[in-house]
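Since the structure comes first, as structure tokens, the remarks are kept for the end.
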Amino acid sequence: GSDRKASQIEFGAHQVILVRAQEAKSKLPKDFDGCLAMTVLESKGLEFDDVFLWNFFADSRASHEWRLVLTYLVYKDTSVQGVLEEKRAQSKNREIAGMLRTLEFSDATHHILCEELKHLYTAITRA
Numbered sequence: 016g017s018d019r020k021a022s023q024i025e026f027g028a029h030q031v032i033l034v035r036a037q038e039a040k041s042k043l044p045k046d047f048d049g050c051l052a053m054t055v056l057e058s059k060g061l062e063f064d065d066v067f068l069w070n071f072f073a074d075s076r077a078s079h080e081w082r083l084v085l086t087y088l089v090y091k092d093t094s095v096q097g098v099l100e101e102k103r104a105q106s107k108n109r110e111i112a113g114m115l116r117t118l119e120f121s122d123a124t125h126h127i128l129c130e131e132l133k134h135l136y137t138a139i140t141r142a
């Protein structure tokens, strides 16, 4: 077990690494061997002192849909739009420049983001 008073670094029963799917557990670095690793689904109903999300966005089924969060930020603070436009103009990589464009929400095409946000909510509320 983990003695929380004696150790601030080691993973124990009070900490968990959450991954999206069973396959992701086998892809964890060797440094995490012996650590408690669970899928988000397996962790439902459990609580931990510390939760570490591993590759949550990299393993996401949503890709460009996450740009909707950026759109919301621009909507809430218009000064962000100028910063984004400047970064897009400076970017030599077209893919990165495309990621900095805002995206209009559509119920029909962005339902995946709703599922991803629920998944994220479940993961972060384990702590």
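Here the working numbering is used: the sequence shown runs in plain steps of one and ends on residue 142. Every residue gets a Cβ at the ideal spot worked out from N, C-alpha and C, and that includes glycine. Fair warning: this is a prediction, and the values are worked out from it, not measured in the lab.
Per-residue DSSP class, three states only, for residue i
i           : result
residue 99  : helix
residue 54  : strand
residue 120 : coil
residue 10  : Residue 10 is absent from the structure shown; the chain starts at 16 and stops at 142.
residue 61  : coil
residue 85  : helix
residue 135 : helix
residue 43  : coil
Residue burial classification, residue i (beta-carbon count within 10 angstroms, cutoff 16)
i           : result
residue 61  : exposed
residue 41  : exposed
residue 16  : Residue placement at residue 16 cannot be trusted, given a pLDDT of 45 that sits under 50; what the coordinates show is reported in the next sentence. Counting Cβ neighbours within 10 Å, residue 16 comes out exposed, since fewer than 16 surround it.
residue 109 : exposed
residue 35  : buried
residue 141 : buried
residue 131 : buried
residue 139 : exposed
residue 104 : exposed
Distance, residue j Cα to residue i Cα
i           : j           : result
residue 88  : residue 95  : 7 Å
residue 111 : residue 102 : 9 Å
residue 136 : residue 129 : 11 Å
residue 122 : residue 79  : 15 Å
residue 66  : residue 120 : 30 Å
residue 45  : residue 70  : 15 Å
Contacts around residue i, its chain only, beta-carbon distance under 8 Å, and the 5 residues preceding and following it disregarded
i          : result
residue 72 : 81
7 Å CB neighbourhood of residue i in its chain, flanking five on each side removed
i           : result
residue 134 : 55
residue 47  : 32
Residue i Cβ short of 7 Å to the ligand GTP heavy atom set
i          : result
residue 64 : Questions concerning the ligand GTP fall outside what the structure shown contains, since it holds no ligand whatsoever.
CB contact below 8 Å: residue i versus chain C
i          : result
residue 88 : In summary, chain C is missing from the structure at hand, where a single protein chain is found.
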